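Protein chains: 2
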Amino acid sequence: MRIPGIRDYVIEKLQCILNPRSIAVIGASRDPNKIGHQIVKNLIESGYKGRIYPVNPKANEILGLKCYASVKDIPDMVDLVVISVPAPIVRKVVQECAEKGVNGIAIITAGFSEVGNKKEEDEIVEIARKHKIPILGPNIVGILNSTYKMNASFAPKLPFSGKIALISQSGALIIGLIGWTWLYRVGLSKVISIGNKADIDFSELIVYLTEKDPDTNTIAIYMEGTDAGPELVEACRRAAGKKPIVILKAGFSKRGELATMSHTGSMAGSARIYKAAFLQSYVIQAEDLFDLYDKALALSLQPPAMSDRILVITNGGGAGVLATDAAEKYGIPLSDTPPDLAERLKKYMPPFGSTKNPVDLTGQANEDWYYGAIVEAVKHPDVGGIVVIYCHTAITDPMKIGVRISEATKIARDYKKPIVVCFIGGREVEGTSNWLKEQGIPTYPTPARAIKAMAALREYGRIIERIKKRQQ
Amino acid sequence: MRIPGIRDYVIEKLQCILNPRSIAVIGASRDPNKIGHQIVKNLIESGYKGRIYPVNPKANEILGLKCYASVKDIPDMVDLVVISVPAPIVRKVVQECAEKGVNGIAIITAGFSEVGNKKEEDEIVEIARKHKIPILGPNIVGILNSTYKMNASFAPKLPFSGKIALISQSGALIIGLIGWTWLYRVGLSKVISIGNKADIDFSELIVYLTEKDPDTNTIAIYMEGTDAGPELVEACRRAAGKKPIVILKAGFSKRGELATMSHTGSMAGSARIYKAAFLQSYVIQAEDLFDLYDKALALSLQPPAMSDRILVITNGGGAGVLATDAAEKYGIPLSDTPPDLAERLKKYMPPFGSTKNPVDLTGQANEDWYYGAIVEAVKHPDVGGIVVIYCHTAITDPMKIGVRISEATKIARDYKKPIVVCFIGGREVEGTSNWLKEQGIPTYPTPARAIKAMAALREYGRIIERIKKRQQ
Chain A
221 MRIPGIRDYV IEKLQCILNP RSIAVIGASR DPNKIGHQIV KNLIESGYKG
271 RIYPVNPKAN EILGLKCYAS VKDIPDMVDL VVISVPAPIV RKVVQECAEK
321 GVNGIAIITA GFSEVGNKKE EDEIVEIARK HKIPILGPNI VGILNSTYKM
371 NASFAPKLPF SGKIALISQS GALIIGLIGW TWLYRVGLSK VISIGNKADI
421 DFSELIVYLT EKDPDTNTIA IYMEGTDAGP ELVEACRRAA GKKPIVILKA
471 GFSKRGELAT MSHTGSMAGS ARIYKAAFLQ SYVIQAEDLF DLYDKALALS
521 LQPPAMSDRI LVITNGGGAG VLATDAAEKY GIPLSDTPPD LAERLKKYMP
571 PFGSTKNPVD LTGQANEDWY YGAIVEAVKH PDVGGIVVIY CHTAITDPMK
621 IGVRISEATK IARDYKKPIV VCFIGGREVE GTSNWLKEQG IPTYPTPARA
671 IKAMAALREY GRIIERIKKR QQ
Chain B
221 MRIPGIRDYV IEKLQCILNP RSIAVIGASR DPNKIGHQIV KNLIESGYKG
271 RIYPVNPKAN EILGLKCYAS VKDIPDMVDL VVISVPAPIV RKVVQECAEK
321 GVNGIAIITA GFSEVGNKKE EDEIVEIARK HKIPILGPNI VGILNSTYKM
371 NASFAPKLPF SGKIALISQS GALIIGLIGW TWLYRVGLSK VISIGNKADI
421 DFSELIVYLT EKDPDTNTIA IYMEGTDAGP ELVEACRRAA GKKPIVILKA
471 GFSKRGELAT MSHTGSMAGS ARIYKAAFLQ SYVIQAEDLF DLYDKALALS
521 LQPPAMSDRI LVITNGGGAG VLATDAAEKY GIPLSDTPPD LAERLKKYMP
571 PFGSTKNPVD LTGQANEDWY YGAIVEAVKH PDVGGIVVIY CHTAITDPMK
621 IGVRISEATK IARDYKKPIV VCFIGGREVE GTSNWLKEQG IPTYPTPARA
671 IKAMAALREY GRIIERIKKR QQ
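Residue numbers (the numbering used here), protein chains in the order written: chain A, 221 to 692; chain B, 221 to 692.
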């Protein structure tokens, strides 16, 4: 059942689905092992401030909340209904939701098109579309909104809070991906499990997130495939230049394509078609899961790079060489330090340092040299972005250096130039890396990953340039 | 000054240099800010059981140890001399070491060929070669031996202990790389900083480590370049099939080559020449720093894969698709599960699971299903290695699953089949990941990195096959 374009009522009602004022959980249960119990519990424990209505004809109360026999008995408007009843009952429940006039439905329940049960899925969607009630799913983990502290899912906790909206077609990956946000300080605004996408597909979510969601500034997508290709292209083109979109498309290999089909029942389609479509629609592609987060993190925290001239500042020659290799590999080959800048940088290094690009402050580099060198580079008109590398040494304090890098980054913001950081070391640098990310500075453990993140910022800069040209 | 082949006396004396019974530190200092102080302190604090002789004409005692005016005054044989006096004095000190008849010298001091001072470096090497005393360096961090708890360097601590010997041409990276061993549980036997390699080059270290060092089973190298290409090729070919060698060659890009030259004064040479030489000499190449550790970890902990038939077992379809993509990308494309094995695997999954490769045990998979599925796969003659993926779920305990995977791996060892694991999740799975590595099971955070590690095990299997053919 092909989605008929991008529907206005879906965009409008996504506001209620993703930021609901009230939620009914149909299939709420007193049994702690049941998903219907976990969702109510997660809603309460996440600190959700809206109204929660458990629905279960066999219970009076669940987790201290009054329970209703049917959604129709709830004496209040309902923004979002979360359904986790067995598959054969879902259609009846959706019918009741339609009669009640709810604003949106998320169907957690599995056992539809992904196992060949396409007919029932289609019938459910037909009911919902007739009443203009958008459906997310079926076969999803749920919806998490970290800005509003709402965990309407069976994932155990909210992600680390930030500005990236994550849409995942794989439910199984979601709990792991949320775990990573805490480990690696990648801040998410929302996590949306999209499942079988029987009704709402990627396209309408992208339009909503780019045009209507002030809590999101970057969209990260794990995608296996879609039947609504033209809509996806249209949504991404509409988003272009407003908010960056990073997509990890799984199933690019021949066999991966087959695996995808058996997994979510959706056509993965030819790798080449997707690549061409992404290029055409200004999408930044990710190579794997870490790459998806690495790029989204940089894009959510830093401005795009509006020139190719990236300067690398390091305290270790080896790390500088690795950064140079990576810069060539990822499409932002380094060029020479402008001569007048080189001259000024000499103040921040010993005589055996190097002002070439990479600029090598040497292992003796202290926090003031880092600060001075970064600020000089930021102010130079021929520098478009800076990658700062710190290799841990026996004589330097990473936190002191981190604090000064953070101060220099504030100045870079005034010049709208991106800074990306690499801290190489063990536990000693982990604290500073996390702190830097909390200060809005994307920080990575290897030169290659930092350079790749800067390359994404440059790619987004080029996208903005293309759009400007298109508009002229 | 080209190294004259692989010298027997160097191989012999490397035993004394890397596992010294006694160490003299020339330039030992009472000033805690001096490197000469830090080295004595690090030797004591690391738990080194050999004899330590600080040498400093201006001190009687350093950190409780009797101090000598000259190395010649030490009333004992000296296996290793660590030199950290200013560059202009090094030649005189080396001359004294020659007169004393020490077994080997490590020159920490910088300021030689890397800053254009090639003449003095050559003169020092000439003295040492005349007396058949191998020199490591100059311009190095030092030597660390985790088996014998010896930290003869200014890096603040020993690495996490294991079977990988790390040789690094970059000194600045060493402290960071040691920090990582604790964060990621990558066990090293030795860390050898090679610096300007004025005398000892990669080749002789490789020969010693493969032929004489029972504490090392895998060699990992960060290399910028060498002037002794033929010797490197010969050493790697001699090592082939005995111990795997993984090399990260930096300076592969055009500009990286230039950066390398200014950094260590060594020619990086054309990327193509190195790639061809590595291929010819059975070297496994790494793409970046994480890849170097990822591959070395797998090779040090698991047997090589002696067939292309790799089976992926997962509890999440999406992670399986990503693994499938990666397998194609890294040269071990997945093939179908053998039909009789597929039949037997059905016991370990619900009806909607998949016995195709990737085998999807589904999100309901418990520890016994994992164990059962892995053991069935291990026993099947058409399976050459297994990649096990666990996506964290709300209903499973990662440690329970880890314990059963570890039990299954013991059986795999009897069959000489490698197991590589991917655990996707946050803090909840970090403990189990580390524990698995401590049990000898290489564990990674993403499907792509696990597959890449398995591809390295397959590459090493292919190397063994090539050598067998050559010997026939």
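We treat Cβ as the ideally placed atom computed from N, Cα and C, and that holds for glycine. Please read all numbers here as calculations on a predicted model, not as lab measurements.
Hey, residue i and residue j are a contact pair by Cβ (cut 8 Å); roughly how many whole angstroms apart?
i: Ile644(A); j: Tyr610(A); result: 7 Å
i: Lys637(B); j: Ile684(B); result: Not a contact, Cβ separation roughly 14 Å.
i: Ile467(A); j: Ile441(A); result: 5 Å
i: Ile360(A); j: Ile327(A); result: 7 Å
Using a Cβ cut-off of 8 Å (strictly closer), state whether residue i contacts chain A.
i: Thr744(B); result: Because chain B here runs from 221 to 692, residue 744(B) falls outside it and cannot be looked at.
i: Met221(B); result: Residue placement at Met221(B) is poorly supported in this model, since its pLDDT is 48, which falls under 50; the coordinates still yield a value, given next. It does not: the Cβ of Met221(B) has no partner Cβ on chain A nearer than 8 Å.
i: Phe332(B); result: no
i: Glu548(B); result: yes
i: His351(B); result: no
i: Gly476(B); result: yes
i: Ser413(B); result: no
i: Asn535(B); result: yes
i: Glu587(B); result: no
i: Leu408(B); result: no
i: Trp655(B); result: no
i: Pro558(B); result: no
i: Ser604(B); result: Per the sequence shown, residue 604(B) should be read as Gly rather than Ser. Not an interface residue.
i: Leu554(B); result: yes
Residue i lies in the beta strand (DSSP E); which residues open and close that run?
i: Arg241(A); result: Unbroken run through Arg241(A): none, as it is neither H nor E.
i: Gly362(B); result: 362-365
i: Met370(A); result: 370-373
i: Gln505(B); result: 504-506
i: Ile384(B); result: 381-388
i: Ser520(B); result: Per DSSP, Ser520(B) belongs to no beta strand (DSSP E); it is in the alpha helix (DSSP H), 509-521.
i: Val411(A); result: 408-413
i: Leu531(B); result: 530-534
i: Ile661(B); result: Looking at the DSSP string, Ile661(B) is not in any beta strand (DSSP E), and its letter there is neither H nor E.
i: Ile644(B); result: 639-644
Residue range of the alpha helix (DSSP H) that residue i falls in?
i: Pro618(A); result: 618-634
i: Thr430(A); result: 422-432
i: Leu263(A); result: 255-266
i: Val725(B); result: The question about residue 725(B) has no answer here: the residues shown for chain B are numbered 221 through 692.
i: Ile398(A); result: 392-404
i: Ile683(B); result: 667-691
i: Ala492(B); result: Sequence inspection shows Arg at residue 492(B); the Ala mentioned does not correspond to that position. 491-500 is the extent of the alpha helix (DSSP H) around Arg492(B).
Compare the C-beta of residue i against all C-beta atoms of chain B and say whether one is closer than 8 Å.
i: Glu648(A); result: yes
i: Phe422(A); result: no
i: Gly461(A); result: no
i: Val541(A); result: yes
i: Tyr664(A); result: no
i: Val335(A); result: yes
i: Tyr268(A); result: no
i: Gly660(A); result: no
i: Leu285(A); result: no
Practice task
Output the residue ranges of the alpha helix (DSSP H) runs that lie fully inside the stretch 560-610 of chain B and measure 4 residues or longer, sorted by chain position.
Solution key: Within the stretch 560-610 of chain B, the alpha helix (DSSP H) runs of at least 4 residues that lie entirely inside it are, in chain order, 587-599.
Practice task
Name, going along the chain, the residues of the stretch 237-265 of chain A whose beta-carbon falls closer than 7 Å to a beta-carbon of chain B.
Solution key: The residues in question are Gln258.
Practice task
Within the stretch 431-472 of chain B, note down every full beta strand (DSSP E) run reaching 3 residues or more, in order along the chain.
Solution key: The DSSP assignment places 438-443, 465-469 as complete runs of the beta strand (DSSP E) inside the stretch 431-472 of chain B, in order along the chain (cut-off: 3 residues).
Problem - Uninterrupted alpha helix (DSSP H) stretches inside the stretch 275-342 of chain A (no shorter than 4 residues) - result: The alpha helix (DSSP H) runs lying completely inside the stretch 275-342 of chain A and spanning 4 residues or more are 307-320, given in chain order.
Problem - Positions along the stretch 384-400 of chain B whose CB lies within less than 9 Å of some CB in chain A - result: If the cut-off is 9 Å between Cβ atoms, the stretch 384-400 of chain B has Ser388, Gln389, Ser390, Gly391, Ala392, Leu393, Ile394, Ile395, Gly396, Leu397, Ile398, Gly399, Trp400 near chain A.
Handout entry: Interface positions of the stretch 609-623 of chain B facing chain A (Cβ-Cβ less than 7 Å), listed along the chain
Key = Only those residues of the stretch 609-623 of chain B whose C-beta falls short of 7 Å from the nearest C-beta of chain A are listed: Cys611, His612, Thr613, Ala614.
Problem - Interface residues of the stretch 348-382 of chain A facing chain B [CB-CB below 8 Å] - result: Per Cβ criterion, the list reads Phe374, Ala375, Pro376.
Practice task
For the stretch 496-524 of chain A, enumerate the residues whose C-beta is nearer than 7 Å to any C-beta of chain B, in chain order.
Solution key: Residues passing the 7 Å Cβ filter: Asp508, Leu509, Phe510.
Practice task
Using a Cβ-Cβ cut-off of less than 8 Å, give me the residues of the stretch 561-574 of chain B that come near chain A, in sequence order.
Solution key: The residues in question are Phe572, Ser574.
Handout entry: Chain-ordered residues of the stretch 289-314 of chain A with a beta carbon less than 9 Å from chain B
Key = Of all residues in the stretch 289-314 of chain A, none has a Cβ within less than 9 Å of some Cβ in chain B.
Problem - Contacting positions in the stretch 421-447 of chain B - beta carbon closer than 9 Å to chain A - result: Look at the stretch 421-447 of chain B: the residues with a C-beta under 9 Å from a C-beta of chain A are Tyr442, Glu444.
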